[in-house]
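Heads up: the structure comes next, in C-alpha cells.
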Amino acid sequence: MIPDTHRHCSSNDIRILAVDDEPSILKLYERIIRIGAADGCNWKLSLCGTAQKALDTIRGSIAIENRFSLVFMDIDLASDRDGIWAAGEIRRLDPGIYIVFVTGMSRVDIKDISARIQAPDQIFFLQKPFTKTEIWQFVNSLGARWARDREHTKEKADFEGRIKSSTVRFEKAKSVLEKEVRKREATEAALKEKETQYRSIIEKNADAMLILDSRGIVLYINPAAEKLFDRKPGDFIGKTFGFSIISDQATEIEIPRRDGSMIVGEMRTVKMTWYTKPAFIVSIRDITLRKMIEIQLKDSLNRYERTIRGTIQAMSVALEKRDSYTSGHQAQVARIATRIAREMQLPEKVIEGMSMAAMIHDIGKIGIPAEILSKPTRLTSIEFALIKTHSEIGYSILQNIEAPWPIAEIVYQHHERIDGTGYPQGLGLKDICMEARVISVADTLDAIASHRPYRAGLGRAFAVSEIKKYKGDYYDPDIVDTSVRLYEAGTLFDSNLSSPATLPA
Amino acid sequence: MYLINIYISTRNGSTLERLALFRKMLTEALGEDNFELEVLSVLENPDAAISDDILVTPTIIRRNPAPIRKVVGNFLDREKLFFGLELDDTTSPDSKIRSN
Numbered sequence: 045m046i047p048d049t050h051r052h053c054s055s056n057d058i059r060i061l062a063v064d065d066e067p068s069i070l071k072l073y074e075r076i077i078r079i080g081a082a083d084g085c086n087w088k089l090s091l092c093g094t095a096q097k098a099l100d101t102i103r104g105s106i107a108i109e110n111r112f113s114l115v116f117m118d119i120d121l122a123s124d125r126d127g128i129w130a131a132g133e134i135r136r137l138d139p140g141i142y143i144v145f146v147t148g149m150s151r152v153d154i155k156d157i158s159a160r161i162q163a164p165d166q167i168f169f170l171q172k173p174f175t176k177t178e179i180w181q182f183v184n185s186l187g188a189r190w191a192r193d194r195e196h197t198k199e200k201a202d203f204e205g206r207i208k209s210s211t212v213r214f215e216k217a218k219s220v221l222e223k224e225v226r227k228r229e230a231t232e233a234a235l236k237e238k239e240t241q242y243r244s245i246i247e248k249n250a251d252a253m254l255i256l257d258s259r260g261i262v263l264y265i266n267p268a269a270e271k272l273f274d275r276k277p278g279d280f281i282g283k284t285f286g287f288s289i290i291s292d293q294a295t296e297i298e299i300p301r302r303d304g305s306m307i308v309g310e311m312r313t314v315k316m317t318w319y320t321k322p323a324f325i326v327s328i329r330d331i332t333l334r335k336m337i338e339i340q341l342k343d344s345l346n347r348y349e350r351t352i353r354g355t356i357q358a359m360s361v362a363l364e365k366r367d368s369y370t371s372g373h374q375a376q377v378a379r380i381a382t383r384i385a386r387e388m389q390l391p392e393k394v395i396e397g398m399s400m401a402a403m404i405h406d407i408g409k410i411g412i413p414a415e416i417l418s419k420p421t422r423l424t425s426i427e428f429a430l431i432k433t434h435s436e437i438g439y440s441i442l443q444n445i446e447a448p449w450p451i452a453e454i455v456y457q458h459h460e461r462i463d464g465t466g467y468p469q470g471l472g473l474k475d476i477c478m479e480a481r482v483i484s485v486a487d488t489l490d491a492i493a494s495h496r497p498y499r500a501g502l503g504r505a506f507a508v509s510e511i512k513k514y515k516g517d518y519y520d521p522d523i524v525d526t527s528v529r530l531y532e533a534g535t536l537f538d539s540n541l542s543s544p545a546t547l548p549a
Numbered sequence: 031m032y033l034i035n036i037y038i039s040t041r042n043g044s045t046l047e048r049l050a051l052f053r054k055m056l057t058e059a060l061g062e063d064n065f066e067l068e069v070l071s072v073l074e075n076p077d078a079a080i081s082d083d084i085l086v087t088p089t090i091i092r093r094n095p096a097p098i099r100k101v102v103g104n105f106l107d108r109e110k111l112f113f114g115l116e117l118d119d120t121t122s123p124d125s126k127i128r129s130n
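Here the protein sequences line up with chains B and D, keeping their order. Using the numbering used here, the first residue of the first sequence is number 45, and each one after it goes up by one. Using the numbering used here, the first residue of the second sequence is number 31, and each one after it goes up by one.
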C-alpha cells in the first residue's frame, strides 16, 4: 500500500522509465510501480537495461508524442555507456524530462554531474538501496511537477501564440495606419502646393481679388485689389466684406475711392478652399473705361441713327416735292405698316427699320420721268414697265448707305408677291423679308384707298376687300388677317387722310 | 420688424428704378409693415459707410434683428439675397409650412 502521505497521486498519466543493468533492480522497480498503479495511480513503467535502449525508448516516446515524465537512471551502467552520458543525451532529446540518478556508490560528485547536464534543477539523486516510498515520492512529486511544467509550457505557448497573433494584427493595423497617414500627408502636401499655386496666380492676377471666409470676412487681398480700392491690406483683413452672391453672371458694382471718384467693377464669386478651409474668391474687374466707351458708343449710335432718320426724311420730302401724288403716300404707308407690325408684336428694331424703309419705299421713282408719274390717263405697257424699275433704282440709291437696318433690301422687295408673281426678282414667301411683306400690304391698302392721277380713290373698304381677295396669293395671310382685324377695330388707317409726311412714333 | 440698409453710390435714374423694384420685392415677400428700408449714399454718408465697412456698392445690411447680415452685389436676386440676409420670405412654400 502507498503511505497515506502519497495516496493523492496525480490524475495525469505518469510515464516512468527505469534504466539499470541489473535485472533484479528493474524487477524491483516493476513491483514498486505496480503496487502504486494498483492503488489507483495512472503510472506506466518502461524498463531498459542499457543506455542505448533507453535512448531508443525516449526517441520512440517523442515520435508518438507520449513522453516520459521522469527517468530513474543507474549511474554505473556496466553494459555500455554510463548513466551520466545517457542522461545527458536524454536531456538533449527531451528537455522537459526529470532525471533521478540512482547509485550504489557512497560518494558521488553531485556538483560535477549537475554541471555536465543541462537544467540541473531537474536532476535528483537517490541512494541504493532505495525504498518503495522513495520511488513513490519521486514518481508522485516529479510526475506532478512534470505535468505542471507541461501545462505551463502549453499556456506559455498559447500565450505566445496569442501575443504573436495580436502583434501580427497590430502590425497590420499599424501598416494600414501608416499608409493612411502617408496618403494624408501626400494629399495635404498636394493641397498646400495647389494652394500655393492659387496664391501665386491670385497675387499676379490683373483683376482685383479678395478671399473671404464662409462668413464673408476678408482673409486676403491681392496687390491689384489694393490698387483698385486705393487701400492697404490692413484696411480690409478681418473686415466683413459681405456675403457675395454666387451667380453665373457677373454683378456690376461700384467702388468708392478715397479721392471721391467711383470705379465701376464687374464682380464674380466662386467657392474654393483656402488653406484647407471653405472660402470664396471674389474677383473684380475694372470696367470703368469700358462703361464710358459703351456710353459714348451708344451716344454715337443714337446720333448716327438720328442722322440716318433725318437723311431719310429729307429724301422722302425731296421725292414728294417732285411727285405730288406720292406726297403723303409714303408716310401713310409707314404709319399703316407700323400699326400692323405692332399688332403682330414684331421686334421694335424690325419695326423701326421697316418704318424707315416705308418712308422712302418709292425713292426709285426719282429716276422715272415726272410726266409718266403724273400722267392722268392709264399707262401704256412700256410706261408701266418703266415704272416697275423704281424698286431697283431705289435699291441702287440706298445700297451704299450703311444703316442699322436693311433699308435697301426692304425697298428692293416691296413689290414682291408671296406666290412669286411680283417684281423685280419674283421672290417667294420664304425669300421676302417680313418688313417688305408688311409694306407690300400697307402700300396696296393706301394706293387703292387714295386718289391717283388716273382715278379717284376707291375707298378703304374696297382696299381691305382687295387684300383679302389676294390673301395667300400676293399677300402674307397673317399680315392680311392682322390688317382686317385692325380695320374692323377702326385703327388701321389715320382718322385724317391728309396727315403730314412725318415718321411714325 | 426687419431694419434693412442699402448703400448705393449715386441716386441716378437707373439706381432709383432698381431701388423701387427692391422695395416692391421686400413688400411682396415680407409684408409692408414688417420692414423698414433706409437708402444711404456713400457719397452723402461717408462716415456711416466707413463705420459699416462699406467697400463696394450696392451693399445691403440687415441691421435688425441681430446678428447683422451683409450682402454685396445684385440685390434683385430675391432667392439668393434672402438666403444671404437670412430673411424669412413669407411667400415661399417653406415659410408657409413653418408657420403652420
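We put the beta carbon where it would ideally sit given N, CA and C, even for glycine.
On the CB-based measure, 16 or more other CB atoms within 10 Å of its CB, does residue i come out buried or exposed?
{"i": "B:Val212", "result": "exposed"}
{"i": "B:Arg347", "result": "exposed"}
{"i": "B:Thr382", "result": "buried"}
{"i": "B:Arg334", "result": "exposed"}
{"i": "B:His405", "result": "buried"}
{"i": "B:Glu396", "result": "buried"}
{"i": "B:Val144", "result": "buried"}
{"i": "B:Phe273", "result": "buried"}
{"i": "B:Pro164", "result": "exposed"}
{"i": "B:Tyr498", "result": "exposed"}
{"i": "B:Pro196", "result": "For clarity, residue 196 of chain B is His in the given sequence; the question names Pro instead. Exposed, since its Cβ has fewer than 16 Cβ neighbours within 10 Å."}
{"i": "B:His495", "result": "exposed"}
{"i": "B:Ile412", "result": "buried"}
{"i": "D:Arg41", "result": "exposed"}
{"i": "B:Met149", "result": "exposed"}
{"i": "B:Met359", "result": "buried"}
In angstroms with no decimal places, state the Cα-to-Cα distance between residue i and residue j.
{"i": "B:Ile523", "j": "D:Leu60", "result": "47 Å"}
{"i": "B:Glu460", "j": "B:Ile339", "result": "40 Å"}
{"i": "B:Lys271", "j": "B:Phe285", "result": "17 Å"}
{"i": "B:Ile352", "j": "B:Glu392", "result": "17 Å"}
{"i": "B:Ser527", "j": "B:Ser344", "result": "36 Å"}
{"i": "B:Pro544", "j": "B:Arg302", "result": "Confidence at B:Pro544 is low in this model, with a pLDDT of 40, below 50, so the placement of that residue should be treated as unreliable; the coordinate-derived value is given next. Approximately 56 Å, taken between the alpha carbons."}
{"i": "B:Leu547", "j": "D:Asp63", "result": "Low per-residue confidence applies at B:Leu547: pLDDT is 43, beneath 50, and the placement is therefore not dependable enough to give any value."}
{"i": "D:Val81", "j": "B:Glu349", "result": "In the sequence as displayed, the identity of residue 81 of chain D is Ser instead of Val. If I take the Cα positions, the gap works out to 48 Å."}
{"i": "B:Met9", "j": "B:Thr240", "result": "Here chain B comprises residues numbered 45 to 549, so residue 9 of chain B is not present and cannot be evaluated."}
{"i": "B:Thr231", "j": "D:Asn75", "result": "49 Å"}
{"i": "B:Ala500", "j": "D:Leu49", "result": "59 Å"}
{"i": "B:Ile328", "j": "B:Ala294", "result": "9 Å"}
{"i": "B:Pro67", "j": "B:Glu204", "result": "45 Å"}
{"i": "D:Gly103", "j": "B:Leu341", "result": "26 Å"}
{"i": "B:Ile426", "j": "B:Thr465", "result": "18 Å"}
{"i": "B:Ile179", "j": "B:Ile207", "result": "40 Å"}
{"i": "D:Lys126", "j": "D:Asp119", "result": "Its pLDDT being 43, under 50, D:Lys126 is placed unreliably in this model, and the value from its coordinates should be taken loosely. Each residue's Cα considered, the two are about 9 Å apart."}
{"i": "B:Pro173", "j": "B:Gln166", "result": "22 Å"}
{"i": "B:Ile410", "j": "D:Leu51", "result": "53 Å"}
{"i": "B:Asp120", "j": "B:Gly127", "result": "6 Å"}
What do you reckon, are the CB atoms on residue i and residue j nearer than 7 Å?
{"i": "D:Leu115", "j": "D:Arg99", "result": "yes"}
{"i": "D:Glu67", "j": "D:Ile90", "result": "With the sequence shown as reference, residue 67 of chain D is identified as Leu, and Glu is not the correct amino acid for it. No, the Cβ-Cβ distance between D:Leu67 and D:Ile90 is not below 7 Å."}
{"i": "B:Glu479", "j": "B:Ile454", "result": "yes"}
{"i": "D:Thr87", "j": "D:Val69", "result": "no"}
{"i": "D:Thr45", "j": "D:Ile36", "result": "no"}
{"i": "B:Met403", "j": "B:Ile356", "result": "yes"}
{"i": "B:Leu186", "j": "B:Glu133", "result": "no"}
{"i": "B:Arg125", "j": "B:Ala95", "result": "yes"}
{"i": "B:Ala375", "j": "B:Ser399", "result": "no"}
{"i": "B:Ile76", "j": "B:Lys176", "result": "yes"}
Below 6 Å CB to CB, which residues in the same chain sit around residue i once its five sequence neighbours on both sides are set aside?
{"i": "B:Phe287", "result": "Gly260"}
{"i": "B:Val314", "result": "Ile325"}
{"i": "B:Ser90", "result": "Leu61, Thr101"}
{"i": "B:Lys223", "result": "none"}
{"i": "D:Asn130", "result": "Caution is warranted here: a pLDDT of 35 is assigned to D:Asn130, below 50, making its placement in the model unreliable, and the coordinate value is therefore given only provisionally. Correct list: empty, nothing qualifies."}
With a CB to CB cut of under 7 Å and the five nearest residues on each side skipped, what residues in its chain are close to residue i?
{"i": "B:Ile511", "result": "Val485, Thr488, Leu489, Tyr519, Val524, Ser527"}
{"i": "B:Ile431", "result": "Ile412, Ile416, Leu423"}
Going along the chain, which residues of its own chain have a beta-carbon closer than 8 Å to the beta-carbon of residue i, five neighbours each way excluded?
{"i": "B:Glu296", "result": "Val308, Gly309, Glu310, Met311, Ile331"}
Looking at residue i and the ligand HEM, is the gap between the Cβ and the nearest heavy atom below 6 Å?
{"i": "B:Pro173", "result": "This structure lacks the ligand HEM; in fact it carries no ligand of any kind."}
Give me the subset of the region 86-97 of chain D whose CB atoms are less than 9 Å from a CB atom of chain B, sorted by chain position. Residues of the region 86-97 of chain D whose Cβ lies closer than 9 Å to any Cβ of chain B, in chain order: Val86, Thr87, Pro88, Thr89, Ile90, Ile91.
Quick one: which residues of the region 40-69 of chain D get their C-beta closer than 9 Å to a C-beta of chain B? List them in chain order. Answer set for the region 40-69 of chain D: Thr40.
Using a beta-carbon distance cut-off of less than 9 Å, what residues from the region 256-286 of chain B approach chain D? Residues are counted here when their Cβ sits less than 9 Å from a Cβ of chain D; for the region 256-286 of chain B these are Gly260, Val262, Phe273, Arg275, Asp279, Phe280, Lys283, Thr284, Phe285, Gly286, given in chain order.
Near-chain B residues of the region 102-123 of chain D (beta-carbon distance less than 9 Å), N- to C-terminal order: Flagged, chain order: Val102, Gly103, Asn104, Phe105, Asp107, Lys110, Leu111, Phe113, Gly114, Leu115.
Name, going along the chain, the residues of the region 394-422 of chain B whose beta-carbon falls closer than 8 Å to a beta-carbon of chain D. Sequence-ordered contacts of the region 394-422 of chain B with chain D are nonexistent [C-beta pairs closer than 8 Å].
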